[in-house]
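First up is the structure itself, then whatever we jot down about it.
Chains as they are written, first to last, in our numbering: chain A, 1 to 261; chain B, 262 to 505.
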């Protein structure tokens with residue numbers, strides 16, 4: 001009964017060989033669009049957008065910092081959703097996707113912390129402060145490390161993936177804390193300037209907003225492209241004993257069956 | 262077996278008998294954990310020894326200036342308790358997984374989450390409560406003001422069960438892993454940060470003579486939430502640990 005709720009292509013795509021081919025076809029396009037939009041976004045942000053009246057040119061780091069920060073939360077949410085699917089429906093593909101999200105997410109979180117630190121030095125006069133948002137972002141980085149560490153601590157990779165997926169779900173309580181930290185605690189980190197739900201309340205100039213959104217698009221597409229690539233290699237190593245992988249890497253299927261055809 | 266058969270014959274007292282047997286199972290589990298802890302009572306003193314040694318190291322490292330010690334004592338004691346809890350947390354379910362007890366837990370008619378909660382209670386009583394009992398001594402070592410001591414103890418009484426509940430989920434997750442020494446600290450740290458913030462907030466408020474009830478009620482609220490949710494997550498993690 002429940003099977004009929006999902007369209008057929010979901011089941012088709014859930015099979016590792018099909019996903020492998022699909023991801024391989026989609027990945028170059030995503031990567032190309034990501035690179036083009038990154039170039040456009042950086043050109044718009046670094047050259048076209050006017051300097052800030054308070055921060056001068058130093059504010060331009062937001063075109064890296066803010067999209068990375070959005071990605072650090074978005075990837076965690078993606079990982080948690082994939083982890084939930086992996087735990088509830090035992091989908092092998094979802095396990096691989098959830099686990100391949102973690103290193104990219106950790107990288108974006110690290111970029112966010114480093115660029116924020118570089119920005120904080122001229123603006124606040126300090127590299128680091130124990131402010132609510134900085135601390136919660138650091139905690140997010142440790143959550144990613146915990147997921148990666150737990151996954152790698154298991155002999156059986158599928159069990160490790162399920163355990164780490166559950167850890168990712170437990171750690172999701174941190175996401176609202178990161179997002180609302182600048183509203184709950186009035187601290188050094190500036191408040192929200194981009195408001196998607198209510199554009200009238202956004203306090204960012206349109207000439208600065210559009211490069212930011214283009215960069216956000218670029219980072220999202222880059223993440224999806226890199227996730228597809230990572231999932232492909234993850235599937236290959238997880239399924240390395242299977243027939244379709246043998247056929248793929250050039251070994252004849254005859255090796256396993258022994259039948260001369 | 263006899264009581265179950267009797268209850269089926271009676272037909273009326275089924276629920277009462279079953280409830281009694283659930284409580285009986287939890288009681289038996291508590292008793293078993295207490296006996297095991299008592300047979301290895303030497304191990305129970307190790308966290309206490311660790312806490313005393315670390316507390317004694319601070320005056321050496323920072324200098325025995327009483328004013329400095331007064332200022333940092335509350336936070337230092339909080340961190341010492343968390344660090345002293347860590348090694349025991351890691352092995353909360355390990356022995357049970359190795360000797361097959363966990364499989365019996367899964368087969369038992371009692372809900373797995375309830376058994377996990379019982380284990381959490383036994384663990385807290387045997388390994389964490391002694392740490393809280395020696396707090397006055399450690400506080401005296403570090404010049405903790407007497408008026409802050411009750412707040413510190415209440416904050417620990419709320420924060421440590423919360424940490425043991427969170428730790429039970431992580432411990433169940435790591436039970437099937439090859440090595441989990443530093444992993445446990447890595448996983449617990451992000452989840453422990455809010456707990457530490459609120460507990461330290463209460464201690465700092467008490468130290469400066471401000472109202473300290475608000476952070477304590479936050480801790481209590483989080484504890485109630487964790488008592489409901491953490492055993493369920495722990496049960497899910499135990500199922501992952503057992504199946505292979």
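Glycine residues also receive a C-beta, built at the ideal position from the N, C-alpha and C atoms. These figures come from a predicted structure and were not determined experimentally.
Query - Candidates 446(B), 498(B) and 476(B), of which the one nearest residue 351(B) by Cα - result: Nearest of 446(B), 498(B) and 476(B) to residue 351(B), Cα basis: 446(B).
Query raised in the report: Any Cβ of chain B within less than 8 Å of the Cβ of residue 73(A)?
Result: No, residue 73(A) does not count as interfacial toward chain B.
Query raised in the report: What residue from 223(A), 218(A), 11(A) and 124(A) has the CA that sits closest to residue 42(A)'s CA?
Result: For the residues 223(A), 218(A), 11(A) and 124(A), the minimum Cα distance to residue 42(A) belongs to 218(A).
Query - Coarse secondary structure for residue 56(A), derived from DSSP in three states - result: Of the three classes helix, strand and coil, the one that applies to residue 56(A) here is strand, per DSSP.
Query - Alpha-carbon to alpha-carbon, residue 180(A) and residue 62(A) - result: Between the alpha carbons of residue 62(A) and residue 180(A) lies a distance of about 19 Å.
Query raised in the report: If you draw a straight line from the alpha carbon of residue 172(A) to that of residue 213(A), how long is it in whole angstroms?
Result: C-alpha separation (whole angstroms): 25 Å.
Query raised in the report: Cβ of residue 243(A) less than 8 Å from any chain B Cβ?
Result: No, because no Cβ of chain B sits closer than 8 Å to the Cβ of residue 243(A).
Query - residue 126(A), DSSP secondary structure in three states - result: Three-state DSSP puts residue 126(A) in coil, outside helix and strand.
Query raised in the report: Does residue 361(B) come within less than 8 Å of chain A when only Cβ atoms are used?
Result: So, not an interface residue.
Query - Nearest to residue 400(B) (by Cα), restricted to the options 464(B), 430(B) and 301(B) - result: Closest by C-alpha distance to residue 400(B), out of 464(B), 430(B) and 301(B), is 464(B).
Query - For residue 479(B) and residue 332(B), the rounded distance between their alpha carbons - result: Taking the straight line from one Cα to the other gives about 23 Å.
**Report entry** Residues near residue 223(A) in its chain [Cβ-Cβ closer than 7 Å; skip 5 each side]
**Finding:** Result list for residue 223(A): 71, 75 and 104, in chain order.
Query raised in the report: Leaving out the 5 sequence neighbours to the left and right, which residues in its chain are closer than 6 Å to residue 262(A) when beta-carbon positions are compared?
Result: There is no way to answer for residue 262(A), as the model of chain A reaches only from 1 to 261.
Query raised in the report: What residues of chain A sit near residue 355(B), judged by a beta carbon separation below 7 Å?
Result: Result: empty, since nearest Cβ-Cβ is about 13 Å, beyond 7 Å.
Report task. Note down, in chain order, all residues in the segment 148–171 of chain A with a beta-carbon under 7 Å from any beta-carbon belonging to chain B. Result -> So the close ones are 149, 150, 153, 154, 155, 156, 159, 162, 163, 166, 167, 170 and 171.
Requested in this report: Could you list the residues in the segment 442–458 of chain B with a C-beta less than 9 Å from some C-beta on chain A, going in chain order?
Outcome: Listed in sequence order: 443, 444, 447, 448, 449, 450, 451, 452, 454, 455 and 458.
Query raised in the report: Are the segment 87–106 of chain A and the segment 6–16 of chain A touching, with three or more C-beta to C-beta distances below 8 Å?
Result: They touch, by the three-pair rule.
Query raised in the report: Do we get a CB-CB distance below 8 Å when we pair residue 462(B) with the residues of chain A?
Result: By this cut-off, residue 462(B) is not an interface position.
Query raised in the report: Anyone know if the C-beta pair for residue 427(B) and residue 449(B) falls short of 8 Å?
Result: Going by C-beta atoms, residue 427(B) is nearer than 8 Å to residue 449(B).
Query - Sub-8 Å separation of residue 291(B) and residue 379(B) beta-carbons - result: With contacts defined by Cβ atoms closer than 8 Å, residue 291(B) and residue 379(B) form a contacting pair.
Query raised in the report: Does the separation of the CB atoms of residue 80(A) and residue 169(A) fall below 8 Å?
Result: Residue 169(A) sits close to residue 80(A), with the two beta carbons spaced by under 8 Å.
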